[in-house]
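Notes follow the structure.
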Amino acid sequence: MNRRLFLSLIAGTVTLPQMVRALPSAPPQPHRLNLSNPHTGESFSGIYRDDNGPVPRVMEELSVFLRDFHSGEKIDIDVGVIDFLSEVMQAVGQTSAQILSAYRTPETNAMLAHTHFGVAENSQHLYGRALDVHFGDKLAEAMKAARAMQRGGVGWYPHSSFMHIDTGPVRNWDLDHVGLGTLLVGRHRIRFNKRGEMLVSRSGPIVGGKMGGVVRGEAPLGVRDRLARLRKLARAEYFARRR
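As structure tokens, this is what we get:
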């Protein structure tokens, strides 16, 4: 598997057997969102949903606030991802959040894909269905709450101090400081050891008897080594089907 296919798994455009679509859930109670964007210095504060559903005027304000700040272009933001954010904030008692990235044009996404590991070419950001969020000291708690909700994708970037949420298929992934991906699909955890061997575990021992986890203290990998490791994820679906 190459880097593109791995990132397609993250984007939710390619799925493993255990990936499922999020089940519809009741929208959260009307909740005032207090959001800021450190890139633009702008803020948003308002109740986007009332007893009749999403408030069109407020959703338009959100589409402007959540625009691609690189180009200034906007899109209609999926109310589902706003509901997801609101529900996570309510679950952890968070009153405010920073939005680091929301809508991206194809041009902006392509630029980021060339400079940042973990940016998918067909990202949910392209469709206004994803948010990268910072929650301060409640970030880890918010990530766990989001994953428990099974509402879509949840990416965890602990060394960059943000989490990603989207309304694509239910899937989770972690990216650490050297950009090594851990994909969590159903009960399977897919990752690599320091020799570049793919490890697939299922709530217990690693397949083949190898213990999992990236060895700490390992030097950051070059592009060639990363791609070599990612190619081995092609075998993940094979192992997943056998379990």
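Following our numbering, the numbering of the sequence shown begins with 22 at its first residue and continues without gaps.
Beta carbons are placed, not taken as given, at the ideal position from N, Cα and C, and that holds for glycine.
Source: prediction; values computed, not measured.
Beta carbon of residue i nearer than 9 Å to that of residue j
| i | j | result |
| --- | --- | --- |
| Y124 | I98 | yes |
| V191 | R210 | no |
| Q119 | K159 | no |
| D153 | P179 | no |
| S117 | Y69 | no |
| E81 | R88 | no |
Of the listed residues the options, nearest to residue i (C-alpha basis)
| i | options | result |
| --- | --- | --- |
| D72 | T203, H52, H146 | H52 |
| Q111 | L147, G74, F156, N130 | F156 |
| G189 | P75, S57, G101, V76 | G101 |
C-alpha gap between residue i and residue j, whole angstroms
| i | j | result |
| --- | --- | --- |
| N55 | V79 | 13 Å |
| A166 | V175 | 10 Å |
| F65 | S222 | 42 Å |
| G67 | R168 | 26 Å |
| S144 | V85 | 20 Å |
| N193 | P77 | 31 Å |
| V113 | A134 | 31 Å |
Per-residue DSSP class, three states only, for residue i
| i | result |
| --- | --- |
| T61 | coil |
| P51 | coil |
| S181 | helix |
| D97 | coil |
| V191 | strand |
| L87 | coil |
| D104 | helix |
CB-CB length for residue i against residue j, believed under 8 Å
| i | j | result |
| --- | --- | --- |
| H60 | F105 | Their Cβ separation, rounded to whole angstroms, is 21 Å, which puts H60 and F105 out of contact at 8 Å. |
| M184 | M170 | Between M170 and M184 the Cβ distance is about 13 Å, and since that is not below 8 Å, they are no contact. |
| T126 | S182 | With 8 Å as the limit, T126 and S182 do not qualify as a contact, their Cβ atoms being about 25 Å apart. |
| I186 | A151 | 7 Å |
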